[in-house]
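Numbering (the UniProt record's numbering), first residue to last: 1 to 475. C-beta: ideal position from N, C-alpha, C; glycine also. What follows is a short report on a single structure.
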Amino acid sequence: MGGKVLIIGHPRTRMSMNVPVVRVPPLKRFLVHFRRPDSYQGKYGFDWLRDEYIYPIKTVTNDNNGVAIGSPTALCTNPTALKTEYRITNVVNPIRPYGKDYYPAWLSIFPHTTTTQFAHGSNMHSSGVTLDLEIEEIDALSSDATKLIFVSDNPNLTITPNQIDLHTLIGTKQTKSLGGSDTRDFYLATAQVNIKSINAPLTSHTEIKVIAKLARQEEEVGKLMVYKNNVIPKAEIVAVNVITGSTSASLRNDYQYLFKKQSFNQALIRAEVRVDTQFNINTLPSSDVDVINFKTNYINSTSNIGRGNASAFKNDLIALYEKFGDHAPNGSGIDTNANKRTYLFYTTITAQTAGTMVQGSCSANYNTNTAGIITGINWGNAYIIFGTALQSKRTVLHEGAHSFSLTHTFQQSSSRITVSSPFVFYKGFTDNIMDYVNQVGVSTRNPFEANDKMNNFYKWQWGIMRNDRSLIFSY
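Structure (structure tokens):
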């Protein structure tokens, strides 16, 4: 009948008429994921569950103990636990659109406020954070009238724009292998939304919902979790140039910027170098027995103490600074709960043996049982950067993160130690600051090393660092 159907009128009136029928297509099935841009440099916290962590995509030659694998393997050794962490833990109103598990990305930004609105606000993210959108296709998508509506129920958390026509995001389809015959089809649209935290801090983890809408059909197809930012701890850092010869060490000149805007800010920690000082071993009392022993054990013409002496050098240096340093803690040791400063020592001395070297080392106290097995690590408040790593961004941040209580991402229980990372990954495969640049048993390097992309902390690491004993909460 030419696009019309005959509608029988109300039975009491027996009226009939021809009316046009608007056929609304069904809402196609798809998911929306927030993603950080490729230009990301660590200026805000952003984390998500990578496909490589839970699917057998990357080939792992050996596990962390050197046992051969040699096949595509999920990079997390317990992907089931990792899925739960990202789907459930601290997620507001977890969703399963179309019966599929959904893993929201996490964003952490400082609130942009006046001091009257919030004393610990910041200008760091005053312009907000611009993110990409990834559209994961379940049904084949086409150009229709579907809209994405972004919903924040908190007026202090804004997203711009608050809606986008889906068809504007559908460009070139990409297909990613998830291992075996499994694939995922998606579209990536860059720089689509801007997120701001304004006027007041977030007192709890807060969601931004993504609603797909076509006529009267609606479905929640995505979510972004934004980390609560009403508590901003401060980390005070004392940078100590340790002089042992005729010249002082030269640490990379942007290290203060790295602390403040490319690392610990991801955990919403305000990290600041409060003191930049020198500790000249040459001018210490020459008759003091500790000074004599230090010079005897570590000062030589090669400025190389050997790899095996790195830990002892660090511990003896800390003790010497506690005794003679101008900015040593008053009334307590550096590695105590009473000390609220982190000490970064750096030196021209190297710790090398037969081509292998220690780049840096963090102080720690180890708990052991009667069998001598390490059952716990209490990370200290000091670390050292040796001469071979003075220009290494990753080493400066990696060792600093140890001092804020993080273990290696590949740390797992063994016959000698029961301490493990909350989630264990294969060594040398991730962009995490707590990973290493080398893989086990092969010459292959971490793929993120070459482009200086090892600049990320995971959202579960944010909480660990924020609970470190050295942080200051009242200031």
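If I measure Cβ to Cβ from ASN436 and keep anything under 8 Å in the same chain, skipping five residues before and after, which residues do I get?
The question names Asn, yet the displayed sequence has Tyr at residue 436. Around TYR436, the same chain offers HIS408, PHE410, LYS427, GLY428, ASN446 as residues with beta carbons nearer than 8 Å, after the five sequence neighbours per side are excluded.
I need the straight-line Cα distance from VAL91 to SER197, nearest angstrom please.
Approximately 18 Å between the Cα atoms of the pair.
Nearest by alpha-carbon distance to GLN439: which of ALA68, LYS83, PRO285 is it?
A check of alpha carbon separations from GLN439 across ALA68, LYS83, PRO285 identifies ALA68 as the nearest.
For GLU134, write down the residues that DSSP places opposite it in a beta bridge.
Within the DSSP bridge table, the entry for GLU134 names HIS33, LEU188 as partners.
What residue does the alpha helix (DSSP H) around GLN412 start on, and which one ends it?
From DSSP, GLN412 is part of no alpha helix (DSSP H); its letter is neither H nor E.
What are the boundary residues of the beta strand (DSSP E) that VAL210 is part of?
Taken as a continuous stretch (DSSP letters only), the beta strand (DSSP E) holding VAL210 covers 206-214.
Rounded to whole angstroms, what is the Cα-Cα separation between ALA249 and ASP276?
Their backbone Cα atoms lie some 13 Å apart in a straight line.
Just how far apart, CA to CA, sit ARG184 and GLU136?
Rounded to whole angstroms, the gap between the alpha carbons of ARG184 and GLU136 is 7 Å.
On a CA-only basis, which of GLY333, ASP326, THR302, ASN339 is nearest ILE349? Give me that one, please.
Of the residues GLY333, ASP326, THR302, ASN339, the one whose Cα lies closest to the Cα of ILE349 is THR302.
Do ASN365 and ASN339 have their C-beta atoms closer together than 7 Å?
Not in contact: ASN365 and ASN339 (Cβ atoms no closer than 7 Å).
DSSP has SER71 in a bridge; who is on the other side?
BP columns for SER71 point to VAL60.
Pick out whichever of LEU133, PHE264, LYS100 has its Cα sitting closest to the Cα of ASN194.
It is LEU133.
According to DSSP, what are the bridge partners of ILE195?
ILE195 is bridged to VAL129, ILE159.
Pull the bridge partners of LEU224 from the DSSP assignment, please.
The partner list for LEU224 (beta bridge, DSSP) reads ALA105, ILE208.
Within this structure, are the beta carbons of ALA235 and ALA267 separated by less than 7 Å?
Against a cut-off of 7 Å, the Cβ pair of ALA267 and ALA235 comes out as no contact.
Beta-carbon spacing of PRO422, ASN229 below 7 Å
Against a cut-off of 7 Å, the Cβ pair of ASN229 and PRO422 comes out as no contact.
So, is ARG394 buried or exposed, given that buried needs 16 or more other C-beta atoms within 10 angstroms?
Result: buried.
How many angstroms separate the CA atom of ILE8 from the CA atom of PRO25?
Interpretation of ILE8 is limited by its pLDDT of 40, a score under 50 that renders its predicted location unreliable; no figure is taken from the coordinates.
Around the C-beta of ILE433, are 16 or more other C-beta atoms found within 10 angstroms, so that it is buried, or is it exposed?
By the neighbour-count rule (16 or more Cβ atoms within 10 Å), ILE433 is buried.
Residues sharing a beta bridge with PHE345, DSSP:
Per DSSP, VAL240, ILE384.
For PRO233 and PHE473, the rounded distance between their alpha carbons
The alpha-carbon atoms of PHE473 and PRO233 are separated by roughly 5 Å.
If contact is defined by three or more beta carbon pairs under 8 Å, each pair taking one atom from either stretch, is the segment 213-224 in contact with the segment 314-321?
As far as the Cβ criterion goes, the segment 314-321 does not touch the segment 213-224, which means the pair count is below three.
Count Cβ pairs between the segment 97-107 and the segment 26-36 that sit closer than 8 Å; are there 3 or more?
By the Cβ rule, the segment 97-107 counts as touching the segment 26-36, because three or more pairs are nearer than 8 Å.
What do you reckon, are the CB atoms on GLN352 and ALA389 nearer than 7 Å?
In this structure, ALA389 does not lie closer than 7 Å to GLN352 by Cβ.
Straight-line gap, THR13 to VAL22 (C-alpha atoms, nearest Å):
Low per-residue confidence applies at THR13: pLDDT is 49, beneath 50, and the placement is therefore not dependable enough to give any value.
THR59 and PRO72: beta carbons closer than 7 Å?
Going by C-beta atoms, THR59 is nearer than 7 Å to PRO72.
Residue burial classification, ASP335 (beta-carbon count within 10 angstroms, cutoff 16):
Here ASP335 is buried, its C-beta having at least 16 other C-beta atoms within 10 Å.
Where does GLY222 land, buried or exposed, given buried means 16+ other C-beta within 10 angstroms?
Classification of GLY222: buried, given that the 10 Å Cβ count is 16 or more.
Check: PRO233 C-beta below 6 Å from any heavy atom of the ligand SAM:
With respect to the ligand SAM, the structure shown offers nothing to examine, as it has no ligands at all.
Can you check which of these residues, THR342, ILE377, TRP106, ALA74, is closest to TYR44 by C-alpha distance?
Taking each of THR342, ILE377, TRP106, ALA74 in turn and checking the Cα distance to TYR44, the smallest one comes out for TRP106.
For the alpha helix (DSSP H) that GLU272 lies in, which residues bound it at each end?
Taken as a continuous stretch (DSSP letters only), GLU272 belongs to no alpha helix (DSSP H), being part of the beta strand (DSSP E) at 270-280.
Residue from ILE149, ILE373, SER403, ASN451 whose Cα sits closest to the Cα of PRO161:
From the listed residues ILE149, ILE373, SER403, ASN451, the smallest Cα separation to PRO161 is found for ILE149.
What residues match up with VAL151 in a beta bridge as DSSP calls it?
Per DSSP, LYS209.
I think VAL226 touches HIS205, with their Cβ atoms under 8 Å apart; what is that distance to the nearest whole Å?
For VAL226 against HIS205, the beta-carbon gap comes to about 7 Å, under 8 Å, which counts as contact.
Using DSSP bridges, identify the partner residues of HIS112.
As computed with DSSP, HIS112 is found in a beta bridge with ILE198.
In this structure, what does DSSP give as the bridge partners for ALA364?
ALA364 is bridged to TRP379.
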